[in-house]
Amino acid sequence: MSLVSVACAVGALVAGLGVVAMALPGRPEPWLAHVMRRAGATAAWAAAAVYSLGFFGVLVSEHAVGDGADSVPAPACRDGFDEATREGLSHHRSSYLPLRFDCVREDGSVYSGDPDYGWMNGTSAALALSAALLFIGVGYATELRARKAAAAS
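For the sequence shown, the tail end lands on 154 under the numbering used here, and the numbers increase by one without skipping.
Take a look at the structure:
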């Protein structure tokens, strides 16, 4: 998992440096459209990176179930929880969209196998929405510039 994290961090750093480079002298014109495109690409890659961390977390937890001795109930539902929380544990439910790995007790109550899925869902959704808005904004700005140029001529 750490190799994936390093790759995501390096990718985000490279994309972020590309956005910062737009503020330096020698930037292309119209620079605002370029900045918005690069910021949108950075947000999209960051959303993909955060989602992939959660995706592989759910995948690893799902893979650990039924994989040899002491694998049922899911290790993600047992490891790091006290005995009172694990009492009556019967099965698990997992989902990739939204990310979650829920542990279900015999009485029907549920607890999350990893509370980090909440912030991963929110962060990836916010970053994806930001990327979409930036790309829509670039299209709107380009269209507005073209209309002003047509009206001026």
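In this text, a Cβ means the ideal position worked out from N, Cα and C, and glycines have one as well.
If you're wondering where the values come from, they're calculated on a predicted model, not measured in any experiment.
Worksheet item: With 16 other CB atoms within 10 Å as the buried threshold, where does Arg39 fall?
Response: Within the sequence shown, residue 39 is the residue found at index 38, counting from 1. Counting Cβ neighbours within 10 Å, Arg39 comes out buried, since at least 16 surround it.
Worksheet entry | Straight-line Cα distance separating Phe56 from Val36 | Here residue 36 is taken as the residue at index 35 of the sequence shown, counted from 1. Here residue 56 is taken as the residue at index 55 of the sequence shown, counted from 1. So the alpha carbons of these two residues sit roughly 30 Å apart.
Worksheet item: Can you tell me whether Tyr52 is buried or exposed, with buried defined as 16 or more other CB within 10 angstroms of its CB?
Response: Taking the first residue of the sequence shown as position 1, residue 52 is located at position 51. With 16 or more other Cβ atoms within 10 Å, it is buried.
Worksheet entry | DSSP-derived helix/strand/coil call for Ser95 | Reading the sequence shown from its first residue, position 94 is the one you call residue 95. Of the three classes helix, strand and coil, the one that applies to Ser95 here is strand, per DSSP.
Fill in: Simplified DSSP assignment, three categories, for Ser113
Residue 113 sits at position 112 when you count from the first residue of the sequence shown. Here Ser113 sits in strand by DSSP.
Worksheet item: Hey, would you say Ser136 sits closer than 9 Å to Gly17, going by beta carbons?
Response: Taking the first residue of the sequence shown as 1, we reach residue 136 at position 135. Taking the first residue of the sequence shown as 1, we reach residue 17 at position 16. The residue asked about is misnamed: residue 136 is Phe in this sequence, not Ser. For Phe136 and Gly17, no; Cβs fall outside 9 Å.
Worksheet item: Per DSSP, Leu135 forms a beta bridge with which residues?
Response: By one-based count along the sequence shown, residue 135 stands at place 134. DSSP, once it has assigned bridges, lists no residue as partnering Leu135.
Worksheet entry | Sub-9 Å separation of Ala45 and Ala13 beta-carbons | The residue you call residue 45 lines up with position 44 of the sequence shown. The residue you call residue 13 lines up with position 12 of the sequence shown. Against a cut-off of 9 Å, the Cβ pair of Ala13 and Ala45 comes out as no contact.
Discussion item. Relative to the C-alpha of Glu107, which candidate in Gly119, Leu90 and Val66 has its C-alpha closest?
Written reply: Position 106 of the sequence shown holds residue 107. Closest by alpha carbon: Leu90.
Practice prompt. Report buried or exposed for Leu128, applying the criterion of at least 16 other Cβ atoms within 10 angstroms of its Cβ.
Written response: Numbered from its first residue, the sequence shown carries residue 128 at position 127. Leu128 comes out buried.
Fill in: N- and C-terminal bounds of the alpha helix (DSSP H) containing Phe56
Taking the first residue of the sequence shown as position 1, residue 56 is located at position 55. Taken as a continuous stretch (DSSP letters only), the alpha helix (DSSP H) holding Phe56 covers Trp32 to Ala65.
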